[in-house]
Amino acid sequence: SETLAAPFVTDWLLRACDAMRDARVDLIELDRAIGDGDHGENMDRGFSAVREQLRDADAEAKSMSELLKSAAMTLMSTVGGAAGPLYGTALLNASRAADGDELDAAGTAELVAAALAGIQKRGKADRGEKTMVDAWGQAADAAREAADAGASAAEVWQAAAEGAAAGAQATVQMKATKGRASYLGERSIGHLDPGAESSRLILAAAAAAAEA
Ligand code: ADP
Ligand code: MG
Ligand code: MG
């Protein structure tokens, strides 16, 4: 069908849980290079808690908005570090954007833009500062463009995932000016930002769920 609904959000979150479990060591290594080495552990802990929550009996009755809000609260209280409040705010804003029973192409672009806005409101980072904002920023642009060009909701998610991948890759060349990696100054150049990488994986999980 052309629109997505609550089962899509559940599938997205579960795929993100799998992705964080699988990428745990990679994210730890990325964060060890320019941070304190805990990003993989933080994300896996948080998404494991989300997985537990989705096993609860009442999870199936929840709306898109309620599913995203519950995940936001759980991430906020379990991920910790810089990323916990940032992802929590992203999903909280996304839950407000996903206020209907269905998600179409335009709604998908709005959801991604809302998540980005939440991250920026919370973390005060602009694009080019070598953070997850670089992944979400390009994701939001690509999603908007695809939606304006008449793409389906699944195609908009695919565009967002591709934008996030490009945005994450672009952080390699950047000098960090926000977060822990900024303490390294010039020495942060040449490394992929761990939060941009986890964001790429979360948006890839959404694209895969939208396709399924
Ligand atoms: P901590 O740095 O507290 O150990 P994590 O390792 O879990 O937290 O997360 C680090 C990631 O958080 C970074 O790779 C970066 O993408 C993101 N980040 C840090 N500060 C900000 C910020 N102000 N705005 C957006 N993202 C940020
Ligand atoms: Mg860290
Ligand atoms: Mg830390």
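Residues in the sequence shown are numbered from 2 upward in steps of one, following the UniProt record's numbering.
Just so it is clear, CB atoms sit at the ideal spot from N, CA and C, and this is done for glycine as well.
Item to check | Helix, strand or coil at residue 5 according to DSSP, with G and I counted as helix | outcome: Strand.
Checklist entry - Under a three-way DSSP split, which group does residue 93 fall into? => result helix
Checklist entry - Could you give the C-beta distance for residue 54 and residue 66, rounded to a whole number, given that I count them as a contact under 8 Å? => result So it is not a contact: roughly 15 Å between Cβ atoms.
Checklist entry - With a CB to CB cut of under 6 Å and the five nearest residues on each side skipped, what residues in its chain are close to residue 179? => result 126, 130, 132
Next on the checklist: So for residue 117, helix, strand or coil by DSSP?
Outcome noted: helix
Checklist entry - Which residue's Cα is closest to the Cα of residue 197: 154, 26, 140, 77? => result 140
Next on the checklist: So, for residue 142: in the same chain, excluding its five sequence neighbours on each side, which residues have a beta-carbon less than 8 Å away from its beta-carbon?
Outcome noted: 164
Next on the checklist: Considering Cα atoms alone, identify which of 155, 113, 40 is closest to residue 181.
Outcome noted: 40
Next on the checklist: The alpha helix (DSSP H) that contains residue 134, what's its start and end?
Outcome noted: Start and end: 133-149.
Next on the checklist: Pop quiz: residue 85 and residue 76 are said to be a contact at Cβ under 8 Å. What is the actual Cβ separation, rounded to whole angstroms?
Outcome noted: Between the beta-carbon of residue 85 and that of residue 76 there is about 6 Å, and that keeps the pair under the 8 Å contact cut.
Next on the checklist: Quick check: does the Cβ of residue 82 come within less than 6 Å of any heavy atom belonging to ligand 2?
Outcome noted: Remark: the shortest separation between the CB of residue 82 and any heavy atom of ligand 2 falls under 6 Å.
Item to check | In chain order, each alpha helix (DSSP H) run of at least 4 residues that lies wholly inside the segment 30-112 | outcome: 40-56, 65-79, 84-98
Checklist entry - First and last residue of the alpha helix (DSSP H) that includes residue 168? => result 154-171
Checklist entry - If you draw a straight line from the C-alpha of residue 155 to the C-alpha of residue 14, how long is it? => result Distance between the alpha carbons of residue 155 and residue 14 is about 16 Å.
Checklist entry - Should residue 147 be counted as a contact of ligand 1 given a C-beta to heavy atom distance under 6 Å? => result no
Checklist entry - Using DSSP with H/G/I as helix, E/B as strand and the rest coil, what is residue 127? => result coil
Next on the checklist: Taking 6 Å as the cut-off, is the beta-carbon of residue 40 closer than that to any non-hydrogen atom of ligand 2?
Outcome noted: yes
Item to check | Three-state secondary structure assigned by DSSP to residue 175 | outcome: coil
Next on the checklist: Could you check if residue 32 belongs to the surroundings of ligand 4, using beta carbon to heavy atom distance under 6 Å?
Outcome noted: Absent from the structure shown: ligand 4. Ligands present: ligand 1, ligand 2 and ligand 3.
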